[in-house]
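In my numbering, the protein residues as written are 93 to 291. We treat Cβ as the ideally placed atom computed from N, Cα and C, and that holds for glycine. Just so you know, these numbers come straight off a predicted model, no measurement behind them.
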């Protein structure tokens, strides 16, 4: 397998190995499809490495069943790779404002408090904070606090944050940012989401 070569080698006093094994903050944002899908693909790689994985789904309904949840739970319980814990915080779709907004805000804050506890305890090696860009964008969770916690997290914990409208401060802070742009989508032609593609 070809090895990627960095275009810049910073004068930071770290060895190549130390720099290579730095814990990352990854952001998947933008209006295109695939932000969560890419994060769950990364979780599959982490599972294969034997890493403990914590998935925290913000905003989306706890009733919503995504295919990746079932697959990762089965893999996590198989004893072959890393463990997988799946936490659901939200009550409604991330792009729909509902009467239950106050409940959503509270659950998002509670979810963030749990993530903070887990980061402090080094519970997981990979955190997937799915749709977490929304609580920051809407002001439910303070972006500056998130950055402080991520900056000070101990050990080698990688954090992946998904969702549209990722705050600019988060984008500037992150190590890897992908903006998913939409070129075309079946919904543009009136087609609703379908089994095996959207869930």
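Query raised in the report: For the beta strand (DSSP E) that contains residue 221, what are its first and last residues?
Result: Indexing the chain shown from 1 puts residue 221 at position 129. Residues 218 to 222.
**Report entry** Simplified DSSP assignment, three categories, for residue 270
**Finding:** Working through the chain shown from its first residue, we reach residue 270 at position 178. Residue 270: strand per DSSP, three-state reduction.
Requested in this report: Ignore the nearest five residues each way along the sequence and tell me which others in residue 188's own chain have a CB closer than 8 Å to its CB.
Outcome: The sequence position of residue 188 within the chain shown is 96, counting from 1. At residue 188, the pLDDT of 47 sits below 50, so the modelled position is not reliable; the number obtained from the coordinates is stated separately. Excluding residues within five positions, none has a Cβ falling inside 8 Å.
Query raised in the report: What are the boundary residues of the beta strand (DSSP E) that includes residue 254?
Result: On the chain shown, position 162 is the one that residue 254 refers to. Residues 250 to 254.
Query - Strand pairing of residue 180, partner residues [DSSP] - result: Against the chain shown, residue 180 aligns to sequence position 88. DSSP lists 149 as partners of residue 180.
Query - C-beta contact flag for residue 252 and residue 131 at 8 Å - result: On the chain shown, position 160 is the one that residue 252 refers to. On the chain shown, position 39 is the one that residue 131 refers to. Going by beta carbons, residue 252 and residue 131 fall inside the 8 Å limit.
Query raised in the report: Relative to the C-alpha of residue 217, which residue among 264, 139 and 258 is closest?
Result: Translated into positions along the chain shown, residue 217 becomes position 125. The shortest Cα separation from residue 217 among 264, 139 and 258 belongs to 139.
Requested in this report: Pick helix, strand or coil for residue 119, following the three-state DSSP scheme.
Outcome: Translated into the one-based positions of the chain shown, residue 119 becomes position 27. Three-state result, residue 119: strand.
Query raised in the report: What is the rounded straight-line gap between the Cα of residue 137 and the Cα of residue 195?
Result: Within the chain shown, numbered from 1, the residue matching residue 137 stands at position 45. Within the chain shown, numbered from 1, the residue matching residue 195 stands at position 103. Each residue's Cα considered, the two are about 34 Å apart.
Query raised in the report: For residue 60, which three-state DSSP category applies?
Result: As shown, the chain starts at 93 and ends at 291. That puts residue 60 outside it, with no answer to give.
Query - Buried/exposed call for residue 289, threshold 16 Cβ in 10 Å - result: Position 197 of the chain shown, counted from the first residue, corresponds to residue 289. It counts as exposed.
Query raised in the report: How about residue 241 and residue 221: do their beta carbons lie closer than 8 Å?
Result: Numbered from 1 along the chain shown, position 149 holds the residue referred to as residue 241. Numbered from 1 along the chain shown, position 129 holds the residue referred to as residue 221. The Cβ atoms of residue 241 and residue 221 lie no closer than 8 Å to each other.
Requested in this report: Locate the alpha helix (DSSP H) running through residue 228, then write down its first and last residues.
Outcome: Counting from 1 along the chain shown, the entry for residue 228 is found at position 136. Unbroken alpha helix (DSSP H) run through residue 228: 225 to 229.
Query raised in the report: Which stretch, first to last residue, makes up the alpha helix (DSSP H) that contains residue 139?
Result: For the purposes of this step, residue 139 is taken as residue 47 along the chain shown, with counting starting at 1. Unbroken alpha helix (DSSP H) run through residue 139: 127 to 140.
Query - Selection from 125, 245, 147 and 269 that minimises the alpha carbon distance to residue 135 - result: For the purposes of this step, residue 135 is identified with residue 43 of the chain shown, where counting begins at 1. Taking only the C-alpha atoms, the option nearest residue 135 is 147.
Query raised in the report: First and last residue of the alpha helix (DSSP H) that includes residue 262?
Result: Here the question's residue 262 lines up with position 170 in the chain shown. Note, residue 262: alpha helix (DSSP H), 260 to 265.
Query raised in the report: How far does the alpha helix (DSSP H) with residue 287 in it reach, from first residue to last?
Result: Within the chain shown, the letter at position 195 stands for residue 287. No alpha helix (DSSP H) holds residue 287; DSSP gives it neither H nor E.
Query - Given residue 273 as reference, the closest of 279, 256 and 164 once Cα atoms are compared - result: By 1-based counting over the chain shown, the position of residue 273 is 181. When each option's Cα is compared against that of residue 273, the closest is 256.
Query raised in the report: What residue from 234, 246 and 203 has the CA that sits closest to residue 178's CA?
Result: What you label residue 178 is simply residue 86 of the chain shown in a count that begins at 1. The candidate whose alpha carbon is nearest that of residue 178 is 203.
Report task. Note down, in chain order, each residue of its chain lying with its Cβ closer than 6 Å to the Cβ of residue 284, except the 5 sequence neighbours on either side. Result -> Mapped onto the chain shown, residue 284 falls at position 192. Once the five neighbours on either side are set aside, residue 284 has no close Cβ partner at all.
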